[in-house]
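Residue numbers (my numbering): 60 to 404.
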């Protein structure tokens with residue numbers, strides 16, 4: 060049985076047309092679900108009783124549950140339990156310009172990035188579209204505040220769950236859905252080249268971020284196994300095509316790992332790779348975890364790296380640190396829950 064929160068407006072229109080009903084009923088459903096935030100179909104007074112009965116047969120209206128919440132000054136991290144007992148995370152970050160939520164797209168991750176807590180626990184399954192949509196709905200309900208931007212940068216590789224993620228984007232971007240503007244939605248990928256090529260052909264104006272994290276193929280092969288399949292040269296060629304086709308600037312994410320990828324020569328190599336491209340580099344202070352041996356670069360080293368990129372005329376920012384006190388590294392809260400389960404067993 061499909062979950063109602065997995066359905067785009069177009070999919071619901073097709074559903075009603077298949078029943079010989081008017082497609083505007085899809086709009087009415089969206090108004091109940093996302094404007095009125097009412098999932099009790101018995102109260103959907105402008106939809107006929109017999110249609111509601113059929114919808115109850117065809118759709119589930121259930122949501123995941125928030126079972127744990129950790130907070131510091133600017134960040135809240137949520138552990139959600141899914142219907143099958145699996146767990147995912149979502150993170151709220153408070154900015155001057157509004158509230159941003161980082162959502163997960165998979166239970167676990169198969170990309171195996173050496174420094175990433177999420178990849179330490181392998182992928183169990185894709186998230187369904189509704190399991191992504193509900194991360195936002197549940198957090199907004201708990202906070203009683205609006206989410207103004209979304210990053211698909213939590214547990215999982217979004218482009219490894221392509222169809223469900225695209226439907227998620229359509230629902231949250233829909234003016235009658237959660238109504239988050241496309242330019243306030245960012246999809247982060249480690250570089251699945253074929254899917255980036257598919258993405259560039261969709262009429263979406265979302266932001267694309269690339270988890271890059273290395274300045275040459277030898278280093279990236281060690282840190283990110285995906286590079287052995289789609290190396291830096293192939294990835295950059297694809298990104299240049301993406302920029303030409305979409306006229307959109309791309310974010311290059313670069314996590315700063317002490318004495319691994321943070322030397323001045325790494326900055327020079329990175330600048331050489333990105334020269335002339337419509338990108339900006341986001342330097343990310345590493346969130347250390349108990350399970351992985353990597354350490355965060357010093358503030359001084361991050362600033363040196365920043366200055367080298369600036370000197371080479373590369374647009375660059377240093378990401379503000381969020382949640383260092385609350386299991387902030389992606390996957391940490393879920394990892395704790397999984398470890399506790401195994402201890403109990």
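The C-beta atom is built at its ideal place from N, Cα and C for all residues, glycine as well.
Going along the chain, which residues of its own chain have a beta-carbon closer than 6 Å to the beta-carbon of residue i, five neighbours each way excluded?
i, result
"residue 356", "315, 317 and 321"
"residue 161", "150, 210, 212 and 213"
"residue 285", "170, 249 and 250"
"residue 173", "282"
"residue 426", "Outside the modelled stretch of the chain, which goes from 60 to 404, sits residue 426, for which no answer is possible."
"residue 273", "279, 282 and 320"
"residue 122", "193"
"residue 402", "Reliability fails at residue 402, whose pLDDT of 40 lies under 50, so the model's placement of it is uncertain and the value that follows must be treated cautiously. There are no such residues."
"residue 188", "65, 223, 226 and 227"
"residue 302", "337"
"residue 126", "138 and 140"
"residue 60", "119"
"residue 304", "259"
"residue 203", "none"
"residue 371", "330"
For the alpha helix (DSSP H) containing residue i, list its first residue and its last residue.
i, result
"residue 231", "221-232"
"residue 88", "83-89"
"residue 202", "188-202"
"residue 207", "No alpha helix (DSSP H) contains residue 207, which DSSP labels as neither H nor E."
"residue 280", "276-282"
"residue 406", "Outside the displayed span of the chain (60 to 404) sits residue 406, for which this structure offers no information."
"residue 75", "68-77"
If you drop the 5 nearest sequence neighbours on each side, which residues of the same chain put their C-beta closer than 7 Å to that of residue i?
i, result
"residue 404", "For residue 404, the predicted structure reports a pLDDT of 37, less than 50, and the residue's modelled location is therefore unreliable. The matter cannot be settled from this model."
"residue 97", "91"
"residue 71", "85 and 88"
"residue 377", "342, 361 and 365"
"residue 93", "235, 236 and 237"
"residue 185", "165, 220 and 223"
"residue 183", "145, 166 and 167"
"residue 323", "363 and 367"
"residue 76", "82"
"residue 271", "311, 312 and 313"
Can you give me the Cβ contacts of residue i inside the same chain, cut-off strictly under 8 Å, excluding the 5 residues immediately before and after it?
i, result
"residue 105", "87"
"residue 375", "339, 340, 341, 342, 365, 368 and 369"
"residue 398", "Below a pLDDT of 50, predicted positions are generally treated as unreliable, and residue 398, at 46, falls in that range; the measurement from the model is reported next regardless. For residue 398, where only same-chain residues beyond five positions count, there are no Cβ hits under 8 Å."
"residue 200", "96"
"residue 78", "110 and 113"
"residue 257", "221"
Using DSSP bridges, identify the partner residues of residue i.
i, result
"residue 301", "Residue 301 pairs with nothing; no bridge assigned."
"residue 120", "Answer is none; residue 120 lacks a bridge partner."
"residue 61", "118"
"residue 377", "342"
"residue 55", "Outside the shown range of the chain, which is 60 to 404, sits residue 55, and nothing can be said about it."
"residue 355", "316"
Starting from residue i, follow the beta strand (DSSP E) in both directions and report where the run begins and ends.
i, result
"residue 130", "124-130"
"residue 13", "Not covered by the structure: residue 13. The range shown for the chain is 60 to 404."
"residue 160", "157-162"
"residue 358", "No beta strand (DSSP E) contains residue 358, which is instead part of the alpha helix (DSSP H) from 358-370."
"residue 139", "134-140"
"residue 342", "338-344"
"residue 313", "309-315"
Under 8 Å between C-beta atoms, does residue i make it to chain D?
i, result
"residue 366", "Absent here is chain D; the protein component of the structure consists of one chain."
- [ ] Would you list, in sequence order, the uninterrupted beta strand (DSSP E) runs of no fewer than 3 residues that lie entirely inside the segment 229-273?
- [x] Inside the segment 229-273, DSSP marks whole beta strand (DSSP E) runs of 3 or more residues at positions 244-248 and 266-270, from first to last along the chain.
Open item on the list: Assess contact between the segment 221-228 and the segment 142-158, defined as three or more Cβ pairs (one per stretch) separated by less than 8 Å. Is contact present?
Closed with: Taking a contact to require three or more Cβ pairs closer than 8 Å, the segment 221-228 and the segment 142-158 do not qualify as touching.
Task: Cβ contact check for the segment 278-298 and the segment 250-263: 3 or more pairs under 8 Å - done: Yes, the segment 278-298 touches the segment 250-263.
TODO: Run through the segment 93-117 for me and flag every whole alpha helix (DSSP H) of 4 or more residues, listed as ranges in chain order.
DONE: Restricted to the segment 93-117, the alpha helix (DSSP H) segments that are unbroken, complete and at least 4 residues in length are 108-117, listed in chain order.
Open item on the list: I want to know whether the segment 323-335 touches the segment 256-266 - three or more CB-CB distances under 8 Å.
Closed with: The segment 323-335 and the segment 256-266 do not touch, with fewer than 3 CB-CB distances between them shorter than 8 Å.
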